[in-house]
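J.: In my numbering, the protein residues as written are 486 to 1067.
Don't be surprised by glycine CBs; every beta carbon is placed ideally from N, CA and C.
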Amino acid sequence: MPPWVTRQWHVLRGLKPATARIYRAHHLALRAYSQTSDGDDRDGTLKLSTANSAIIIPSSIVGTTPEDLIKHITPVEKKHLTRDRFAVFLVTPSFAPWLLDDSAFVHKALRQAYGEWFSLAKQPYTRVHALCAVVDKLPAPRTLPSLDDITSLEKEARDRAKQPPVGETGLEGIAYATLCFSDSIPSSSEPPADQAAITFVASKTSEDSAGYFSDTLRLPLANTVFQTGTPSTMIYSTWEKSKDAVDFTLKAKQQVTHHGIMIHTGAPGTKQTSALTVPLIPLTTPRQVEASMGNILRRITGPDGNSVVASQELEKVVPQFYSARGESAQATMAWALVMSKETLEPILAATNSILGRLSEDASKGSAAADAELWENLWKKHPTAFNDLVANALAAGARLHRVLSGGGGWGKKAGLLSLDPVATAQDNNSTEGSMFDGPGDLSFALQQVARDGDFIQFFISPSSGTQGGSADDIEKLKGLENLDNKWSWELGTIPSTADALPAGSWQHDAATPKETFVLRHSFGALTEAGMMISRQFKLDPNESFSLIGGSKVDVPFSRFSAVTTGLEEGIHEEAVCDPVEQA
C-alpha cells in the first residue's frame, strides 16, 4: 500500500451542488471566502462590533470546578437584557460531565450571565434560552492589526488565508456567547446522535444589487461516550424568571443533535470580514478525468497528454515531495480537488502563479524545467501555504480526501478511492428569512467526478513540533491583554483518538493554576472535519438556493470572521431582529 494512503473516515453529511441555472446565472455569488462584505464605505477609524463572549482556558483541568470558570463570564449589560436572551456554552470533553447536572453548570452560568436582571428595581418576567454542547477543542484566536481603515483589515484577511494555524491543536476550556434570540436557528430534523453537529451561519448582504450570500460551516460535535454515555452531547433548555422572583427555573429541556447559530446579521453600518485557510500544497496541475464510477477514479490525462491510470502521477510525485524537503518517505494524507471545466482557468492560473511561471509558458516548458519549479515550491521553508484551495471552494470546486489506491492487479490496478461527497435535500425551514435554516440534510452518495471534470492533487505537510506549555501559556497571557482579535474562529485539528490526553500540559497537575480569559472571541475546533456551503439569492424576499458545498477535513484549516463599523456608525439597537415576545 502506498505511503500516502490513510485510513478511511466516516463521511459527514453534506450539501448537494448548485443547480446549473443558479450556478451560471449568479457568478457574483462566487466570491472568495477571504473577503469583506459590502457595507459602510466611508473613511474613518473602525471599531469591532462584538458580542458578549469569551474563550476561557484553565492552565490545568486538574481540580478545576465550574465556579472557577463561570466567575469569568461577563454579565449582559442592562440595556441588552431584553435583547440578548440566547446563551451558547461550548465545553470540551474534560468538562462534559458538568452538562449532565443543570445545578452544577448551566444554572450557575445563566445566573452569572444575566445577573443584572436581579438588580433591577422592578423585577419583570423574563425567559432565556441556553444551548450547551461538547466540542473537541477550543481555538486561541489570532490577533488583528490596527483597525485604522478597512483596507488594512482586508489585507489582513488575505494574509490570514495564507497563514494557517499549523501546529495549534486546540485547548481545553469553555466558550460562551450571549446572542439575540433570533440568532438561534432550530433544526427542522434531528440527525442520528453519532452525526450530531452545530452549524454556524455567516450571512452577508450586498447593497449593489449583487444579491445576498449565506455561508454556513457545519462542525461535528465531540464524541462523549466515555464522558456522558452518549455519542454526542448537546442540550437546549429554556429558563424563566417569574415577576419579582429571585432565580431562574427550568421550563423546558431537550437533547438535540443539530442546531444553528447566526454569527452575523448584516446590521446597518457594519461590515463582516472573513478568511478561510486550508493548509495544502499542490502536487500536480489539474488533470482531466477520463473515467470514474462513484467515488472510484479510474483514468486521467497524464502530464504528457496521454491517458494514464488515476494513481500513476500521484504515486510518483509523493516521494519526490519528501525528497525535495529532505524528509524520509512516510505515511501521509493526500487530497483531490475536483472542479468543473468552467472553474478550471482561475485554478490553473493560481497554480502557475504559485510555481512562479507565466500561464502562457506552462505548455512550453520542458519536463526538467517543470520538475525544478515543483521542487523549489515543495522545499520552501517555511512552507509556502497559499489560498488556492480556499478560492477554488468559493468558486464551486470540491475537496475529497484520497482514501486508498495505487498498486493492485488487473482491473483494480491504478485506481484511486476518494472520500465520497454527500448531498442534502435543499429544504427550507423558514420562508423568506435571511437564512432558511440548516435544513433537512438527508444522506445520499453521488458521483464524485464526472468524465470531463478536472482533478488536482494536494498534500498536507507535516505540522512539525508543537510548542511546549511555557510557549502556550505566554501566548495566552499576551492574547488576554489585546482588544483586537478575530471574533469567530472555527476549524479543524488532527484526531487525538490514539493520543494520550495526559500528554497535554493542561492535564498536568503540576501546572500552576491560572485562568486565561480571551474576551470578545468565540469558536470551536473539530477532529472530524467541517462542511462548508454557500447559498445565494437575488431578492431579500426569495428563499436561499444552494450553490455549492464541500467537506474540509484538512487538519489546521480555519475560518475566521470579525464584524466592524465606523465608531460613530454602529447601531446597536439594529443588530438583532425584534426580540422574542415573552
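#1: Note down the Cα distance separating Val576 from Ser948, rounded to an integer number of angstroms.
#2: Give me the Cα-Cα distance between Ser658 and Leu623, rounded to the nearest whole angstrom.
#3: By Cβ distance, which residues of its chain are closer than 7 Å to Arg506, with the 5 residues on each side in sequence left out?
#4: Can you tell me whether Ser579 is helix, strand or coil according to DSSP?
#5: In this structure, how does DSSP classify Tyr807 when only helix, strand and coil are distinguished?
#6: Can you give the beta carbon distance from Leu822 to Ala1009, rounded, assuming they're within the 8 Å contact cut?
#7: Out of curiosity, what's the CA-to-CA distance linking His744 and Pro867?
#8: Compute the beta-carbon to beta-carbon distance between Ser777 and Arg783, rounded to the nearest angstrom, for a pair I have assumed lies under 8 Å.
#9: Look up Val763 in the DSSP assignment and say whether it is helix, strand or coil.
#10: Go ahead and label Val1047 buried or exposed: buried means 16 or more other beta carbons lie within 10 angstroms of its beta carbon, across all protein chains shown.
#11: Whole angstroms is fine: what's the gap from Ile558's alpha carbon to Ser538's?
#12: Measure the C-alpha to C-alpha separation of Tyr599 and Ala678 and round it to an integer number of angstroms.
#13: For a quick check, are the C-beta atoms of Ala618 and Leu554 less than 8 Å apart?
#14: Look at Lys970 and Tyr697 and say whether their C-beta atoms are less than 8 Å apart.
#15: From Val561, His614, Trp724 and Leu616, pick the residue whose C-alpha is nearest to that of Ser604; which is it?
#16: With 16 other CB atoms within 10 Å as the buried threshold, where does Lys501 fall?
#17: Can you list, in chain order, the residues of its chain whose CB lies under 6 Å from that of Ala589, leaving out five sequence neighbours each side?
#18: Can you tell which of Pro905, Ser727, Leu888 and Ala625 has its C-alpha closest to the C-alpha of Tyr610?
#19: Can you tell me the Cα-Cα spacing of Leu656 and Ile542, whole angstroms?
#20: State the Cα-Cα distance for the pair Val651 and Phe870, rounded to the nearest angstrom.
#21: With DSSP as the reference, label Arg627 as helix, strand or coil.
#22: Starting from Val710, follow the alpha helix (DSSP H) in both directions and report where the run begins and ends.
#23: For Ser637, count the other beta carbons within 10 Å of its own beta carbon; 16 or more makes it buried, fewer makes it exposed. Which is it?
#24: Does the distance from the C-beta atom of Phe942 to that of Leu829 stay below 8 Å?
#25: From Ser673, Ile832 and Ser1045, pick the residue whose C-alpha is nearest to that of Arg645; which is it?
#26: So, at 8 Å on beta carbons, what are the nonlocal neighbours of Ala594 in its own chain, with the 5 sequence-adjacent residues on each side left out?
#27: Run through the DSSP bridge pairs and tell me what Met818 is partnered with.
#28: Taking 8 Å as the cut-off, decide whether the C-beta atoms of Ser579 and Ile540 are in contact.
#29: With a 10 Å radius around its C-beta and 16 neighbouring C-beta atoms as the bar for buried, classify Asn1026 as buried or exposed.
#30: Hey, would you say Ser1006 sits closer than 8 Å to Pro630, going by beta carbons?
#31: Give me the Cα-Cα distance between Ala814 and Arg886, rounded to the nearest whole angstrom.
#32: Once the 5 residues before and after Phe1029 are set aside, which same chain residues still bring their CB inside 6 Å of it?
#33: Leaving aside the five residues before and after Glu860 along the sequence, list all residues of the same chain whose C-beta is less than 6 Å from its C-beta, in chain order.
#34: Counting C-beta neighbours from all protein chains within 10 Å, is the total for Gln680 16 or more, i.e. buried, or is it exposed?
#35: Let me make sure I understand the geometry here. Which of Ala536, Gly548 and Leu1003 has the alpha-carbon closest to that of Ala994?
#36: Decide if Gln932 is buried, meaning its Cβ has at least 16 other Cβ atoms within 10 Å, or exposed.
T.: The relevant details are as follows:
#1: In the sequence shown, counting from the first residue as 1, residue 576 sits at position 91. In the sequence shown, counting from the first residue as 1, residue 948 sits at position 463. Taking the straight line joining both Cα atoms gives about 26 Å.
#2: Within the sequence shown, residue 658 is the residue found at index 173, counting from 1. Within the sequence shown, residue 623 is the residue found at index 138, counting from 1. Reading off the sequence, residue 658 comes out as Gly, not Ser. Roughly 7 Å between the two C-alpha positions.
#3: Counted from its first residue, the sequence shown places residue 506 at position 21. Model confidence at Arg506 stands at a pLDDT of 35, short of 50, so the residue's coordinates are unreliable and nothing is read from them.
#4: For the purposes of this step, residue 579 is identified with residue 94 of the sequence shown, where counting begins at 1. It is helical.
#5: Mapped onto the sequence shown, residue 807 falls at position 322. Three-state result, Tyr807: helix.
#6: Taking the sequence shown and counting its residues from 1, the one referred to as residue 822 is at position 337. Taking the sequence shown and counting its residues from 1, the one referred to as residue 1009 is at position 524. About 25 Å separates the beta carbons of Leu822 and Ala1009, which is beyond the 8 Å limit, so they are not a contact pair.
#7: Sequence index remark: in the sequence shown, residue 744 carries index 259 (1-based). Sequence index remark: in the sequence shown, residue 867 carries index 382 (1-based). Each residue's alpha carbon lies about 39 Å from the other.
#8: For this step, residue 777 is matched to residue 292 along the sequence shown. For this step, residue 783 is matched to residue 298 along the sequence shown. With a Cβ gap of about 6 Å, Ser777 and Arg783 count as contacting.
#9: The residue labelled residue 763 in the question sits at position 278 within the sequence shown. Residue state for Val763 is assigned as coil, using DSSP reduced to three classes.
#10: As a first step, residue 1047 is located in the sequence shown; it is residue number 562 there, counting from the start. Buried, since its Cβ has 16 or more Cβ neighbours within 10 Å.
#11: By 1-based counting over the sequence shown, the position of residue 558 is 73. By 1-based counting over the sequence shown, the position of residue 538 is 53. If you draw a straight line from the Cα of Ile558 to the Cα of Ser538, it comes to about 8 Å.
#12: In the sequence shown, the residue the question calls residue 599 occupies position 114. In the sequence shown, the residue the question calls residue 678 occupies position 193. If I take the Cα positions, the gap works out to 31 Å.
#13: As a working note, residue 618 is residue 133 in the sequence shown. As a working note, residue 554 is residue 69 in the sequence shown. No; because the gap between Cβ atoms is not below 8 Å, this pair is not in contact.
#14: Here the question's residue 970 lines up with position 485 in the sequence shown. Here the question's residue 697 lines up with position 212 in the sequence shown. No, they are not a contact pair.
#15: Within the sequence shown, numbered from 1, the residue matching residue 604 stands at position 119. Answer by Cα proximity: Val561.
#16: Your numbering for residue 501 matches position 16 in the sequence shown. With a pLDDT of 36 at Lys501, under the threshold of 50, the predicted position of this residue should be treated as unreliable, and no value is reported.
#17: As a working mapping, residue 589 is identified with position 104 in the sequence shown. Only Pro551 and Trp583 meet the Cβ criterion.
#18: As a working note, residue 610 is residue 125 in the sequence shown. Cα-wise, what sits closest to Tyr610 is Ser727.
#19: The sequence position of residue 656 within the sequence shown is 171, counting from 1. The sequence position of residue 542 within the sequence shown is 57, counting from 1. Each residue's CA atom was taken as its position, placing Leu656 and Ile542 some 7 Å apart.
#20: Within the sequence shown, the letter at position 166 stands for residue 651. Within the sequence shown, the letter at position 385 stands for residue 870. Near 10 Å, if we compare the C-alpha coordinates of Phe870 and Val651.
#21: As a working note, residue 627 is residue 142 in the sequence shown. Arg627 falls in the coil class under three-state DSSP.
#22: Counted from its first residue, the sequence shown places residue 710 at position 225. Residues Val710 to Thr713.
#23: Your numbering for residue 637 matches position 152 in the sequence shown. It is exposed - the Cβ of Ser637 has fewer than 16 other Cβ atoms within 10 Å.
#24: Walking along the sequence shown from the start, residue 942 turns up at place 457. Walking along the sequence shown from the start, residue 829 turns up at place 344. Pairing Phe942 with Leu829 gives a Cβ-Cβ distance that is not under 8 Å.
#25: Taking the first residue of the sequence shown as 1, we reach residue 645 at position 160. Checking every option, the nearest Cα to that of Arg645 belongs to Ser1045.
#26: In the sequence shown, residue 594 corresponds to position 109, counting from 1. Its chain contains Pro551, Ile555, Ile558, Ala572, Phe574, Ala615 and Tyr661 as the residues whose beta carbon lies nearer than 8 Å to that of Ala594, once the 5 sequence neighbours on both sides are disregarded; these appear in chain order.
#27: Position 333 of the sequence shown holds residue 818. Per DSSP, none; premise fails for Met818.
#28: Numbered from its first residue, the sequence shown carries residue 579 at position 94. Numbered from its first residue, the sequence shown carries residue 540 at position 55. Not closer than 8 Å, so no.
#29: The residue labelled residue 1026 in the question sits at position 541 within the sequence shown. Asn1026 is classed as exposed because its beta carbon has fewer than 16 other beta carbons within 10 Å across all chains shown.
#30: Your numbering for residue 1006 matches position 521 in the sequence shown. Your numbering for residue 630 matches position 145 in the sequence shown. It is not a contact, given that the beta carbons lie outside the stated cut-off.
#31: Numbered from its first residue, the sequence shown carries residue 814 at position 329. Numbered from its first residue, the sequence shown carries residue 886 at position 401. Each residue's Cα considered, the two are about 19 Å apart.
#32: By 1-based counting over the sequence shown, the position of residue 1029 is 544. Closer than 6 Å at Cβ, skipping near neighbours: Ser699, Asp921, Gln1020 and Lys1022.
#33: Reading the sequence shown from its first residue, position 375 is the one you call residue 860. For Glu860, where only same-chain residues beyond five positions count, the Cβ hits under 6 Å are Ala809.
#34: Counting from 1 along the sequence shown, the entry for residue 680 is found at position 195. Gln680 is buried by the Cβ-count criterion.
#35: Numbered from its first residue, the sequence shown carries residue 994 at position 509. Considering only Ala536, Gly548 and Leu1003, the residue with the shortest C-alpha distance to Ala994 is Gly548.
#36: Along the sequence shown, read from residue 1 onward, the residue named residue 932 stands at position 447. With fewer than 16 Cβ atoms within 10 Å of its Cβ, Gln932 is classed as exposed.
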